[in-house]
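Below you'll find the structure, written out as structure tokens, and then a few comments.
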């Protein structure tokens, strides 16, 4: 899914990376999801942390959910 055109399009519209959008989407899917992401650099850690601040509208969540259902 990180290669998805939907994910890339959403990321471009939000001014974020596809990974940030994916992480933000997973964080919002359910309050009981524990997301553990690994990183190999401080830059990637900053990118991952910024995902928690990313605002995803209901329309965007619908797009991402649709992408997941099609996979």
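In the numbering used here, the protein residues as written are 102 to 172. No residue lacks a Cβ here, since even glycine has one placed at the ideal position from N, Cα and C.
Worksheet entry | Cα-Cα separation between residue 128 and residue 134, rounded to whole angstroms | 7 Å
Worksheet entry | Cα-Cα separation, residue 111 to residue 121 | 10 Å
Discussion item. What does the alpha-carbon distance come out to for the pair residue 106 and residue 117?
Written reply: 14 Å
Practice prompt. Please state if the CB of residue 150 and the CB of residue 126 are separated by a distance shorter than 7 Å.
Written response: no
Worksheet item: Just curious, the alpha helix (DSSP H) that residue 113 is in, first and last residue?
Response: 106-115
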